[in-house]
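What follows is a single structure, written as structure tokens, with notes after it.
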Amino acid sequence: MREGGTLAALVLMVLVIAAAIPQFRQLENMVNITRNFSFVGIVAMGMTLVILTGGIDLSVGSVWGMTAVFTAFLMSNGWLMAPAILVGLLAAAVVGLFNGLCITRLNMSPFVPTLASLSIARALALIITHGRPISKFGPQQTAFYWLGGGSIAGIPNPFILFVVMAIIFWVVTSRTVWGRRVYAVGGNEKAARLTGLNVRELKVSVYIISALCAGIAGIVQASYLSSVTASLATGEELAVIAATVIGGVNLSGGEGTIFGVVIGTIMLEVLRNGLLLFGIDPYWQGVFVGGIIVVAVSLDRFRKH
Amino acid sequence: MAAILKIRGITKTYPGVRALQDVSFDVEQGTIHAIMGENGAGKSTLMQIIAGAQRPDSGVIEFGGHELHFANPAQAQAAGIAIVYQELNLSPNLSVAENIFLGMEPRTARAFVDRKRLKEEATQILRKLDLHFDPDVIVGHMTVGQQQLVEICKSLVREPRLLIFDEPTSSLSEADAKILFRVIADLKAREVTMLYISHRFPEVFANCDAVSVLRDGKHVRTKTMETTSEAEVVSLMVGRELLAFHRKDFTPSDEVLFEVRSLTKQHQYYDINFKIHRGEIVALAGLIGAGRSEVALGVFGCPPPDKGEVRVQDQPVRIRRARDAMEAGIALAPEDRKSSGLVLGASVGTNVSMAVLPKLARAQFVDQRAEQNLVQRFVSRLNIRTPSHEQRVGLLSGGNQQKVMIAKWLAVQPKCLIVDEPTRGVDVGTKAEIYALFDELAHAGIPILMISSDLPEVLALADRILVMRHGRITGELTRAEATEEKIMHLAALGTDNVPVEE
Numbered sequence: 001m002r003e004g005g006t007l008a009a010l011v012l013m014v015l016v017i018a019a020a021i022p023q024f025r026q027l028e029n030m031v032n033i034t035r036n037f038s039f040v041g042i043v044a045m046g047m048t049l050v051i052l053t054g055g056i057d058l059s060v061g062s063v064w065g066m067t068a069v070f071t072a073f074l075m076s077n078g079w080l081m082a083p084a085i086l087v088g089l090l091a092a093a094v095v096g097l098f099n100g101l102c103i104t105r106l107n108m109s110p111f112v113p114t115l116a117s118l119s120i121a122r123a124l125a126l127i128i129t130h131g132r133p134i135s136k137f138g139p140q141q142t143a144f145y146w147l148g149g150g151s152i153a154g155i156p157n158p159f160i161l162f163v164v165m166a167i168i169f170w171v172v173t174s175r176t177v178w179g180r181r182v183y184a185v186g187g188n189e190k191a192a193r194l195t196g197l198n199v200r201e202l203k204v205s206v207y208i209i210s211a212l213c214a215g216i217a218g219i220v221q222a223s224y225l226s227s228v229t230a231s232l233a234t235g236e237e238l239a240v241i242a243a244t245v246i247g248g249v250n251l252s253g254g255e256g257t258i259f260g261v262v263i264g265t266i267m268l269e270v271l272r273n274g275l276l277l278f279g280i281d282p283y284w285q286g287v288f289v290g291g292i293i294v295v296a297v298s299l300d301r302f303r304k305h
Numbered sequence: 306m307a308a309i310l311k312i313r314g315i316t317k318t319y320p321g322v323r324a325l326q327d328v329s330f331d332v333e334q335g336t337i338h339a340i341m342g343e344n345g346a347g348k349s350t351l352m353q354i355i356a357g358a359q360r361p362d363s364g365v366i367e368f369g370g371h372e373l374h375f376a377n378p379a380q381a382q383a384a385g386i387a388i389v390y391q392e393l394n395l396s397p398n399l400s401v402a403e404n405i406f407l408g409m410e411p412r413t414a415r416a417f418v419d420r421k422r423l424k425e426e427a428t429q430i431l432r433k434l435d436l437h438f439d440p441d442v443i444v445g446h447m448t449v450g451q452q453q454l455v456e457i458c459k460s461l462v463r464e465p466r467l468l469i470f471d472e473p474t475s476s477l478s479e480a481d482a483k484i485l486f487r488v489i490a491d492l493k494a495r496e497v498t499m500l501y502i503s504h505r506f507p508e509v510f511a512n513c514d515a516v517s518v519l520r521d522g523k524h525v526r527t528k529t530m531e532t533t534s535e536a537e538v539v540s541l542m543v544g545r546e547l548l549a550f551h552r553k554d555f556t557p558s559d560e561v562l563f564e565v566r567s568l569t570k571q572h573q574y575y576d577i578n579f580k581i582h583r584g585e586i587v588a589l590a591g592l593i594g595a596g597r598s599e600v601a602l603g604v605f606g607c608p609p610p611d612k613g614e615v616r617v618q619d620q621p622v623r624i625r626r627a628r629d630a631m632e633a634g635i636a637l638a639p640e641d642r643k644s645s646g647l648v649l650g651a652s653v654g655t656n657v658s659m660a661v662l663p664k665l666a667r668a669q670f671v672d673q674r675a676e677q678n679l680v681q682r683f684v685s686r687l688n689i690r691t692p693s694h695e696q697r698v699g700l701l702s703g704g705n706q707q708k709v710m711i712a713k714w715l716a717v718q719p720k721c722l723i724v725d726e727p728t729r730g731v732d733v734g735t736k737a738e739i740y741a742l743f744d745e746l747a748h749a750g751i752p753i754l755m756i757s758s759d760l761p762e763v764l765a766l767a768d769r770i771l772v773m774r775h776g777r778i779t780g781e782l783t784r785a786e787a788t789e790e791k792i793m794h795l796a797a798l799g800t801d802n803v804p805v806e807e
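Going down the list, the protein sequences come from chains A and B. To convert, note that position 100 of the first sequence is 100 in the working numbering; the numbers rise steadily by one, no gaps. Quick note, the working numbering runs 305 ahead of the 1-based positions in the second sequence.
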């Protein structure tokens, strides 16, 4: 299995930290870790599809924040939870559609429209909140808080959602015709087109899915935090891309698995948590994250040659 | 004459593959020395070692009396060894002159590129080779053949004493190839020694002085051209006598299975008409750039023609994109398997099942057992040599890659098969297998349209030959009346004098 190395590295990391710091082993810390990586993990699912087709989606952090703000804003204005979430996700999907259409119809490099969306979606969130946090969620506030803050049988809801989504994405990418096409398009777009695949439609769909994943993470995180600001998840697109790359997804497309990305996501959070518990100045985190990206990718290269 | 290049006991092993084993031979100064062998025989590896791009595990190479120990290609270039690779190493966005002098641009006193001298010197080199390109043209806008010639100019800047050609004509039209041979003869007159890798016998025998044959990484023999023959070289290459390919005796019926009526696309092809009957293989011959591949892609809807009609089994089909063509039962194995035929990074199995995947699925879920069975069936039917179905296609030899691409399209059980250059860069043994397969398919009632620049192949396989020139069909020859000369005449000179509007 190609993820064997990454998995072994993760296990090793967990064992070392657990042995060194008893606090790491405590149930509360474990629950915290699982909840923390769940948000990035959910978004990384969609990002994986995008990168598998050879693209990139820089807008996920902003869409994450925007969707949270939209949904929170509607609920604070008395909307019920379901329609508010639906409208939030619809807004996210529109951003994804915009990204996809710019890329497939206007032949833009994926970097460009998703960079534009990064800016636009964040601005929309600011326009709506005027920079003020939203912390009241209307008539269904309690139900809404349960979404991200609650748990089932002691397992935090965001983690359950992440696991369910990971299973769905894993099945879709590895077992369905559509999933195989995602790989084919990223592996050789011209060959895919000459094999009768509708490359444009497929690309548009992955950007919509990516935006929806970002939206879902935003709503669940808003619920967990029970308060939303327009700056929610600023810069998180980088964490998402990092998790994907550490998980072995090739940025030039066509290569990588959902399982690998799940490992990459967990690794990123375990690292962060471990550094905190070791008492290392949090400002140093970025250095370690950067290091692990380079190490993971170079090990992957080494394995291939 | 003295040996300028002495290859002594070169061995090179890659994980799992012994690419070269104790290879030794000499190359005489000022000669054109052909290196021949089937795909995977080790020719390219040997050339890369000589050019400093690879290092041997053991053995030495002497060049002009000195042992070579290159750490990289730059050192080899400095020592006077240049290589013209099969894959072009040009920057498509730079001009001819900029490409030729890349990394060696003439400078002004203040370290800026001296554009005037750059152009002058490029013009000089072009003129020396009697090439009539504008040095300011952007390389990306040129044909592959012209780019190849630019590549040669680029290698000449460093005035090499040994020039290595790796399949230089594989993507050249006959006309461009002629220019190349003239350039080569000119270089020979100036005492440049050349190593020439090619699969093409006529050009090797017409241009080279000696030939070294490699087989399975071992040097089989080196002979001068006067003392050998095509038949001998072929038998040295494959280690067995080549059986010339003959179609089974069979008279095609009158039943038209595939027809194209007045297909036209502005600036590409005009008024293309042909029919393929049951049992027939029809070849589309012509020079590179005649519009043959464009017709094939047009039939396949990529992009669709401006006007005209395509009929499959006497039914008109409307084709706007590849999916329509596939639904109508048309299969196209395109020209360049690397860039447009295969997903090189994906497995053999994934590539073979790619086109037929929806049919292997229940409610969007791929039936993996059915897929395995299908892949197994085609791997054994086409005798695809691969360690497993999981092997990346990019790691297979050219011949096996080609088989994977053909398998991919046979898997859809096509009603009509279009193959574009089906044996380019494919070794002799695999060629024969592919020919036998096409023969069998034609018998089984699949009309085949074959685009090929390999004239012996066209003559061996085709029942009828359509020749294209400047986007139009200029003639049709039956198997009985066709000769290489007749085809070339129609392809190069044509019969109508209407030039294509640019």
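C-beta atoms are modelled at their ideal positions from N, C-alpha and C, and glycine is treated no differently. All values derive from a computational prediction rather than experimental measurement.
For L754 of chain B, there is no enclosing alpha helix (DSSP H); the enclosing beta strand (DSSP E) has its first and last residue at 753-756. Of all alpha-carbon atoms in B:F550, B:Q618, B:I723, the one lying nearest the alpha-carbon of E738 of chain B is that of B:F550. Only those residues of the stretch 173-184 of chain A whose C-beta falls short of 7 Å from the nearest C-beta of chain B are listed: R175, T176, V177, W178, R180, Y183, A184. DSSP places Q620 of chain B inside the beta strand (DSSP E), whose first and last residues are 620-622. Taking one beta carbon from each stretch, the stretch 412-427 of chain B and the stretch 380-389 of chain B have fewer than 3 pairs nearer than 8 Å; the two do not touch. Bridge pairing for A638 of chain B: B:V724 [DSSP]. Of the candidates A:I17, A:L126, A:S205, the residue whose Cα lies closest to the Cα of V50 of chain A is A:S205. With respect to chain A, the C-beta atom of P761 of chain B has no partner C-beta closer than 8 Å. Closest in alpha carbon position to N394 of chain B, among B:G364, B:K348, B:I366, B:V449, is B:V449.
Per DSSP, the beta-bridge partners of R412 of chain B are B:V418. Three or more Cβ pairs closer than 8 Å define a contact, and the stretch 58-67 of chain A meets that threshold against the stretch 229-239 of chain A.
Interface residue (Cβ-Cβ distance to chain A less than 8 Å): P361 of chain B is not classified as such. Look at E255 of chain A: its C-beta is under 8 Å from a C-beta on chain B.
Assigned with DSSP and collapsed to three states, G149 of chain A falls in helix.
DSSP places I33 of chain A inside the alpha helix (DSSP H), whose first and last residues are 27-52. Three or more beta-carbon pairs drawn from the stretch 139-150 of chain A and the stretch 215-224 of chain A are found closer than 8 Å, and the two stretches are therefore classed as touching. When the Cα atoms are used, A121 of chain A and F24 of chain A turn out to be separated by approximately 37 Å.
Beta-bridge partners assigned by DSSP to P156 of chain A: A:S151. A straight-line Cα-Cα distance of about 33 Å links E201 of chain A and V294 of chain A. Where I337 of chain B is concerned, the enclosing beta strand (DSSP E) starts and stops at 337-341. Within chain B, the residues whose beta carbon sits less than 8 Å from that of K190 of chain A are S644, S645, listed in sequence order. Of the residues assessed, T783 of chain B falls on the exposed side of the cut-off, its CB having fewer than 16 other CB atoms within 10 angstroms. In the structure shown, I430 of chain B falls within a helical segment according to DSSP collapsed to helix, strand and coil. In the structure shown, E372 of chain B adopts extended strand secondary structure according to DSSP, grouped into three states. When the alpha-carbon of E786 of chain B is set against those of B:M773, B:R769, B:A797, the nearest one is in B:R769. Per DSSP, H794 of chain B lies in no beta strand (DSSP E) segment; the continuous alpha helix (DSSP H) that holds it begins and ends at 789-797. Against chain B, the beta carbon of R193 of chain A has neighbours under 9 Å at C607, R626, A627, S645, listed in chain order. Between the alpha carbons of R412 of chain B and G290 of chain A lies a gap of roughly 40 Å. M659 of chain B and K713 of chain B do touch by the CB rule: their CB atoms are close to 6 Å apart, below 8 Å. In chain order, M108, P113 place their CB closer than 6 Å to the CB of C102 of chain A, counting only its own chain and leaving out the 5 sequence neighbours on each side.
Straight across, the Cα-Cα distance linking N273 of chain A with I33 of chain A is about 7 Å. For I56 of chain A, the closest C-alpha among the options A:T67, A:A44, A:I134 is that of A:A44. Beta-bridge analysis with DSSP links I134 of chain A to A:V228. For G347 of chain B, the closest of B:A636, B:L468, B:I502 by C-alpha to C-alpha distance is B:I502. Counting every other CB atom within 10 Å of its CB across the protein chains shown gives K421 of chain B a total below 16, marking it as exposed. Rounded to whole angstroms, the gap between the alpha carbons of V648 of chain B and G703 of chain B is 14 Å.
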